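Enquirer:
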Amino acid sequence: MNAGPIPATAASTRALNRQLLRIVIVGHVDHGKSTLVGRLFNDTGSLPEGKLEAIRKMCERRGMPFEWAFLMDAMQAERDQGITIDTSQIWFKTEKRDYTIIDAPGHKEFLKNMITGAAQSDAAVLVIDATEGVQEQSRRHGYLLHLLGVRQIAVAVNKMDAVAYREDVFAEIETEYRAYLASIGVTPTFVIPVSAREGDNIALPSQNMDWYNGPTVVGSLDSFNLPMAHLDRPLRFPVQDVYKFDDRRIIAGRIESGRLHVGDELIFSPSNKTARVKSIETWPEPSDPDGKPETVSAGQCVGVTLDEQLFVERGDMASHTKNPPVETEVFRARIFWLGRSALEKGKSYKMKLATGEARVTVQEIEHVLDTTDLSSSTTQKVERNQVGEVVLRSRRLLALDEHTRNGRTGRFVLIDGYDIAGGGIISMEGYADQRSLVTQRAQNITRVEHGVPTDDRERQNGHKGGVLWFTGLSGAGKSTLATKLERELFDRGYQSYVLDGDNIRFGLNANLGFSPEDRAENIRRVGEVAALFSRAGMLAITAFISPYRSDRDRARVAAGEHFHEIYIKADLETCEQRDPKGLYRKARSGEIKEFTGISAPYEAPETAELVIDTSALSVDDAISELMAYVDKTFRK
Amino acid sequence: MNHLDELEAQSIYIFREAFNKIDNIAMLWSLGKDSNVMLWLARKAFFGHVPFPVMHIDTGKKFPEMYAFRERYSKEWNLNFLREECPPVEETDETLPPAARSAARKTLGLKAAVEKHKFNALFAGIRRDEEALRAKERVFSPRGETGQWDYRDQPPEFWDQYKTDFPPGVHIRVHPLLHWTEIDIWRYTQRETIPVIPLYFSNNGKRYRSLGDQDITFPVDSQATTVEEIIEELTVTRVSERSGRAMDHEAEDSFERLRAEGYM
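Protein chains in written order, with the numbering used here: chain A, 198 to 833; chain B, 484 to 747.
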């Protein structure tokens, strides 16, 4: 007969007020995950009537010894192959509460199934075979649990019967595995010596290991906490769809965190439009018109109407105006890759974050981590089943959160072709939230026409106005060339002025520090000032490292066609040797944190109007090239 | 949020994802307790509307009570209702056991209906706890061009990011009830007062736990005459839900073969 519906009855017995915890069983292939599950079922009395007998008979019929794992691997294909193919979900109960078990396979090829299972779990049991010790998948699964956000982990050292229940064997594995987990920042809640086959320390304390005083597997599971909804976090309400089935225009979505009340002002990122919540819609409609809900909170799938007809669409992220999500075009991510072809620098993928989708390009692969030994390498590819630390860039502004601040809106998947090829968690380390940079605060403002048209200025000066935006590493020669060029231009009758980093920070930007947001604001102001100079008919030369592409692009938008990006190029080694201000030395010694090129990124221009390679050119030659460019471009 | 609230929210999320991401989608309505809950959840998701066709693949061998239910609620709930017939049993795979062959008619009828209406996707009310093989399903489950399911190579699915990108020609099954259990269905039916076909209630000491074709579905011993009593009964039973479905028990791999070919 069909091995059939193992789980139905265990599930049926769940009382409405009982707790449900979802657990995943992971570990290396053949370390006994399915056996453990079979035992858990039997020893907690969760098996349907006759199930055990049916499996025993089936084994007899097939002439094979009985295995507890057959309870789990109830499918013919699995028995034939001897591998659990996929995450099955089954239910069992203890006195305290009910459990859904997601049995995740240990076979390497099936990592995507392990991830599918683990990502929906509240806790995990990681099984290690006492006879084999810590293996490749033991480590990889431990790492992935951490990455996926599973924090409650019980490690079951299985097959203790096969090592004569020896304490020293257990202690050695425990020490080794705890050290591994500690190195990735994970503290397992319990490490338990068990024999799933014999039932030691599964539901009942073992008679064979009186040297162990900790809980059984069931005891450890019962001690785990239920998942908490993110009620205390700032509101995140990603728009899933907008419905116009009747005269209502309903914004539908799930509250990922926080609470939403009727009357709240919502801001929709990244369009940054605002409106107030007029009503929270439900079906069936309450018979009493005042019976509509006033508040909804994290976890609920809801629909709201707004007091204004905003253009809102799927992918917009609604929040309160206080504590909104980060807005950025670029972010860091730790990605586990499942794709058939490798993740590569320069490739672009479709990203799905909450309900939003965007095209992102891999700007940088900073590290590739081997999760089995945690060695990292700096290659240009993240292969299948590897973890990579990468920088991703989108063409448009994205609304997201750092993973440490909001797990649900700080994670995403990447689509390669038609397939989900990887998942990642977000960090903004070293990158600025661009929200304040793109927010227009003042309202009721109107542009005023100038008394002198641009043409008149150009005619009088004999040249056009413009921005010569120098970008490059510290020590590349930006300031040197800028000041020499300023003199040279002046001597030849050009109106020009240098905006230099340190000078500006003495005055206009004296209130800015060196946080990513302040650095971005620093560049924004310089970009705006340079644009004003250019409109005044002058040549503004800016000498700022300006390492971020987003910042330079914003300056380009401010000055429009007058903007000329000039990449003052020199390799890091050269700049470090020059070290005119002694900054590299301080950065290397750790005295200066987040120093561009050393401990913070420099995003080289991809479409600079001019590149001046100062490691190859003398100062005079560089000035000649610059002068030739200016004469060609600005002379009337 | 209690457990039923969480289940409901998850199902609504799935409905809204599928409706947004997939054009030309329809719902399979078998008239049973699960698909009635599924229909109710769709109305919740879309604020009283069901914005896609609701299709019954009719074997012609259902119980009269089921047909009566269908006539009444397809009108009352203002459904865009479609009825599609199944081909005769002679057209099914003759190597299958008899009851499975009977069930396989539905698969053929389903394929024909999908072809006829050019549906890209179907909502189906299967649950993981029903059957070991269904436990392996994904929420968004791609099928090959001929409707077959390859459970050995399924897409990863995590953080509620379902696979929603498919090459042309791939058909998708969407499973909004995958995470529900039998007793969840009844508790929700009770809470929401969702209409129930009377066959689920005890008559002369027998009731149906699962409804299929008349000739291959059998009642179980039961005294439960109300939803409350069914819930009470389920909390103590150790008999499986599909025990009354003949096709599940004919051969060890019947159900697997049916599903691989496109059965729900």
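Glycine is no exception: its CB is placed at the ideal position from the N, C-alpha and C atoms.
The structure presented is a predicted model; accordingly, all values stated were derived computationally and were not measured.
Taking Cβ-Cβ distances shorter than 9 Å, what residues in chain A pair up with PRO534/B?
Expert: Position 51 of the second sequence, counting from 1, holds the residue named residue 534/B. Those within 9 Å of PRO534/B in chain A are TYR440, PHE442.
Enquirer: Could you tell me the distance, in whole angstroms, from the CA atom of PRO522/A to the CA atom of ASN603/A?
Expert: Residue numbering aside, residue 522/A sits at position 325 when the first sequence is read from its first letter. Residue numbering aside, residue 603/A sits at position 406 when the first sequence is read from its first letter. Distance between the alpha carbons of PRO522/A and ASN603/A is about 9 Å.
Enquirer: Under 9 Å between C-beta atoms, does ASP541/B make it to chain A?
Expert: Translated into positions along the second sequence, residue 541/B becomes position 58. No, no contact with chain A.
Enquirer: Kindly list, in the order they appear in chain A, the residues whose Cβ is closer than 7 Å to that of ASN507/B.
Expert: For the purposes of this step, residue 507/B is taken as residue 24 along the second sequence, with counting starting at 1. Those within 7 Å of ASN507/B in chain A number zero; the least Cβ separation is about 17 Å.
Enquirer: Of the residues that make up the segment 645 to 679 of chain B, which ones have a beta carbon closer than 7 Å to any beta carbon in chain A?
Expert: The segment 645 to 679 of chain B vs chain A, Cβ under 7 Å: LYS646, ASP648, PHE649, PRO650, THR664, GLU665, ILE666, ARG670.
Enquirer: Would you say ILE464/A and SER516/A are within 9 Å of each other, going by their C-beta atoms?
Expert: The residue you call residue 464/A lines up with position 267 of the first sequence. The residue you call residue 516/A lines up with position 319 of the first sequence. In contact: ILE464/A and SER516/A (Cβ atoms closer than 9 Å).
Enquirer: Mapping the DSSP letters down to three states, classify ARG753/A as helix, strand or coil.
Expert: If you number the first sequence from 1, residue 753/A lands on position 556. Correct three-state label for ARG753/A: helix.
Enquirer: Rounded to whole angstroms, what is the Cα-Cα separation between PHE267/A and ASP227/A?
Expert: Locating residue 267/A in the first sequence gives position 70, where the first residue counts as 1. Locating residue 227/A in the first sequence gives position 30, where the first residue counts as 1. Approximately 13 Å between the Cα atoms of the pair.
Enquirer: Checking contacts by CB at 9 Å: is PHE529/B closer than that to chain A?
Expert: If you number the second sequence from 1, residue 529/B lands on position 46. For PHE529/B, the answer is yes, since a Cβ of chain A falls inside 9 Å of its Cβ.
Enquirer: Say whether chain A places a C-beta atom closer than 9 Å to the C-beta of PHE502/B.
Expert: Start at 1 with the first residue of the second sequence, and residue 502/B comes out as number 19. At least one chain A Cβ lies under 9 Å of PHE502/B.
Enquirer: Using a C-beta to C-beta distance shorter than 9 Å, which residues of chain A count as neighbours of MET510/B?
Expert: Within the second sequence, residue 510/B is the residue found at index 27, counting from 1. Here the premise fails: no neighbours, minimum Cβ distance about 16 Å.
Enquirer: Around the C-beta of ALA825/A, are 16 or more other C-beta atoms found within 10 angstroms, so that it is buried, or is it exposed?
Expert: Position 628 of the first sequence, counting from 1, holds the residue named residue 825/A. Classification of ALA825/A: exposed, given that the 10 Å Cβ count is below 16.
Enquirer: Which value, in whole angstroms, describes the spacing of the CA atoms of GLY663/A and ASN706/A?
Expert: Looking up residue 663/A in the first sequence gives position 466. Looking up residue 706/A in the first sequence gives position 509. Straight-line Cα distance between these residues: approximately 22 Å.
Enquirer: Going along the chain, which residues of the segment 493 to 505 of chain A sit with their C-beta nearer than 7 Å to a C-beta in chain B?
Expert: The residues in question are GLY496, GLN497, CYS498, GLY500.
Enquirer: If contacts are defined as beta-carbon pairs under 8 Å, then MET514/A and SER484/A qualify, I think. What distance do you get, rounded to the angstrom?
Expert: The count along the first sequence starts at 1 and reaches residue 514/A at position 317. The count along the first sequence starts at 1 and reaches residue 484/A at position 287. With 8 Å as the limit, MET514/A and SER484/A do not qualify as a contact, their Cβ atoms being about 34 Å apart.
Enquirer: Since GLN644/B sits in a beta bridge, which residues does DSSP pair it with?
Expert: Taking the first residue of the second sequence as 1, we reach residue 644/B at position 161. Its beta-bridge partners are PHE641/B.
Enquirer: Would you say ASP517/B reaches chain A, if we count a Cβ-Cβ gap shorter than 9 Å as a contact?
Expert: What you label residue 517/B is simply residue 34 of the second sequence in a count that begins at 1. No - not a single Cβ of chain A is within 9 Å of the one on ASP517/B.
Enquirer: Hey, which unbroken runs of the beta strand (DSSP E) at 3 residues or more fall wholly within the segment 551 to 622 of chain A?
Expert: With a minimum length of 3 residues, the continuous beta strand (DSSP E) runs that stay inside the segment 551 to 622 of chain A are 553 to 566, 584 to 597, 608 to 613.
Enquirer: Using a 10 Å radius around the Cβ and a threshold of 16 neighbouring Cβ atoms, would you call LEU611/A buried or exposed?
Expert: Within the first sequence, the letter at position 414 stands for residue 611/A. Burial call: buried.
Enquirer: Give the range of the beta strand (DSSP E) segment to which SER705/B is assigned.
Expert: Residue mapping note: residue 705/B aligns to position 222 of the second sequence, counting from 1. Taken as a continuous stretch (DSSP letters only), SER705/B belongs to no beta strand (DSSP E), as it is neither H nor E.
Enquirer: I'd like the span of the alpha helix (DSSP H) that includes MET311/A, first residue to last.
Expert: Counting from one through the first sequence, the residue named residue 311/A turns up at place 114. Start and end: 308 to 315.
Enquirer: Is the Cβ of ARG499/B closer than 9 Å to any Cβ of chain A?
Expert: Indexing the second sequence from 1 puts residue 499/B at position 16. Taking Cβ atoms only, chain A reaches closer than 9 Å to ARG499/B, which makes this a yes.
Enquirer: Quick one: Cα of ILE623/A to Cα of GLU526/A, how far?
Expert: As a working mapping, residue 623/A is identified with position 426 in the first sequence. As a working mapping, residue 526/A is identified with position 329 in the first sequence. Distance between the alpha carbons of ILE623/A and GLU526/A is about 13 Å.
Enquirer: So which residues of chain B does LYS309/A contact, with C-beta pairs closer than 7 Å?
Expert: For the purposes of this step, residue 309/A is identified with residue 112 of the first sequence, where counting begins at 1. In chain order: PRO639.
Enquirer: Closer than 7 Å, Cβ to any Cβ of chain B: which residues of the segment 671 to 689 of chain A, in chain order?
Expert: From the segment 671 to 689 of chain A, no residue has a Cβ closer than 7 Å to chain B.
Enquirer: Give the DSSP-derived three-state secondary structure of GLU482/A in the structure shown.
Expert: As a working mapping, residue 482/A is identified with position 285 in the first sequence. Three-state result, GLU482/A: coil.
Enquirer: Along chain B, in chain order, which residues have C-beta atoms closer than 9 Å to that of GLU478/A?
Expert: Numbered from its first residue, the first sequence carries residue 478/A at position 281. Simply PHE530.
Enquirer: How is THR643/A classed by DSSP in three states: helix, strand or coil?
Expert: As a working note, residue 643/A is residue 446 in the first sequence. THR643/A falls in the coil class under three-state DSSP.
Enquirer: Taking buried to mean at least 16 other C-beta atoms within 10 Å of its own C-beta, is ALA639/A buried or exposed?
Expert: Reading the first sequence from its first residue, position 442 is the one you call residue 639/A. ALA639/A is exposed by the Cβ-count criterion.
Enquirer: If you run the structure through DSSP and keep just helix, strand and coil, what is GLU541/A?
Expert: Mapped onto the first sequence, residue 541/A falls at position 344. Correct three-state label for GLU541/A: strand.
Enquirer: Do we get a CB-CB distance below 9 Å when we pair TRP642/B with the residues of chain A?
Expert: Counted from its first residue, the second sequence places residue 642/B at position 159. Yes, its Cβ sits closer than 9 Å to a Cβ of chain A.
Enquirer: Run through DSSP, which three-state label would TYR826/A get?
Expert: One-based indexing of the first sequence puts residue 826/A at position 629. The answer is helix: DSSP assigns TYR826/A an H, G or I state.
Enquirer: Excluding sequence positions up to five away, which residues of its chain have a Cβ less than 6 Å from the Cβ of ILE795/A?
Expert: Along the first sequence, read from residue 1 onward, the residue named residue 795/A stands at position 598. The residues are ALA784.
Enquirer: Using the Cβ count rule (16 or more neighbours within 10 Å means buried), how would you classify GLU626/A?
Expert: Working through the first sequence from its first residue, we reach residue 626/A at position 429. Flag for GLU626/A reads exposed.
Enquirer: Select from LEU432/A, GLU505/A, PHE434/A the residue whose C-alpha is nearest the C-alpha of ARG445/A.
Expert: Looking up residue 445/A in the first sequence gives position 248. Among LEU432/A, GLU505/A, PHE434/A, the Cα nearest to that of ARG445/A belongs to GLU505/A.
Enquirer: Could you check whether the segment 550 to 569 of chain B touches the segment 581 to 592 of chain B, counting it as contact only if at least three pairs of C-beta atoms, one from each stretch, sit closer than 8 Å?
Expert: Contact holds: three or more Cβ-Cβ distances are below 8 Å.
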